[in-house]
Amino acid sequence: MSHRKDLGLLALRLAVGGVLFAHGTQKLFGWFGGPGIEGTAQGMEQMGFKPGRPSAVAAGLGETGGGTLLALGLATPAAGAAAAGTMASAISFHLPNGFFAANGGFEMPGLVGTVAAGIGIAGPGRYSLDHATCHVLDRPWVAAAAFAASAAAASVVIGRRQAALAAGGDAQGGASGDDTAES
């Protein structure tokens with residue numbers, strides 16, 4: 019791989035990983051003006067992700083952990099899969115509002131999730147901890163297992179939300195202060 023491609027992958031990893039890290043730490047710790055775990059849990063409940071606290075923890079960990087690992091280029095397939103799965107859940111909330119973020123649509127979680135998945139599939143490039151560790155956590159079987167597990171988990175989360183909405187009301191998608199994830 020050329021150094022230009024490695025630099026491009028590094029730039030993508032740092033940008034997407036940084037965005038995910040920031041949004042995840044808003045959810046978990048209230049950093050960067052975020053609601054913290056209790057506020058995120060309440061928001062998750064209102065959006066139909068029940069129970070709210072486990073949903074908030076899962077979203078926060080998917081973003082914080084996935085973002086951190088993507089930025090570092092460590093366990094890149096698992097990081098990309100975790101971030102993409104988390105964004106799939108966010109998309110399920112924003113989907114009723116169409117594509118554009120200005121209307122509360124799925125534009126931003128769709129973009130972030132797609133880029134994270136692409137990095138997870140393509141690999142982190144030479145300027146990464148995966149490269150420094152001889153790709154011990156960046157194997158084809160890791161990618162397959164991580165993306166399968168992420169897809170299964172996202173399907174369960176989205177299915178549970180749909181069932182909760184059908185049983186007890188309707189939480190419409192909408193513009194929330196955080197377009198990359200559920201809250």
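Those letters in the sequence shown? Residues 19 to 201, by my numbering.
Quick reminder that beta carbons are idealized off the backbone N, C-alpha and C, glycines included.
As the structure is a computational prediction, the values presented were derived from the model and not from experiment.
Beta carbon of residue i nearer than 8 Å to that of residue j
i: GLY143; j: LEU27; result: yes
i: ALA140; j: ALA102; result: no
i: THR104; j: THR43; result: no
i: ALA93; j: GLY131; result: no
i: LEU155; j: LEU88; result: no
Contact set for residue i: own chain, Cβ-Cβ below 7 Å, skip 5 residues either direction
i: VAL160; result: PRO95, ALA96
i: SER20; result: none
i: PHE47; result: GLY54
i: ASP197; result: Bear in mind that the predicted position of ASP197 carries a pLDDT of just 45, short of 50, making it too unreliable to give a figure here.
Member of the options whose CA lies at the smallest distance from the CA of residue i
i: GLY128; options: ALA108, ASN115, ALA120, GLU56; result: ALA108
i: VAL175; options: PHE165, GLY84, ALA77; result: ALA77
i: GLY35; options: ALA181, VAL75, THR86, THR58; result: THR86
Residues near residue i in its chain [Cβ-Cβ closer than 6 Å; skip 5 each side]
i: SER73; result: MET62, PHE67
i: GLY8; result: An answer regarding residue 8 cannot be provided, because it is not within the stretch 19 to 201 covered by the chain.
i: GLY98; result: ALA134, ALA135, ILE137, GLY138
i: LEU90; result: LEU147
i: TYR145; result: ASP24, LEU28
Residues near residue i in its chain [Cβ-Cβ closer than 8 Å; skip 5 each side]
i: THR151; result: LEU92
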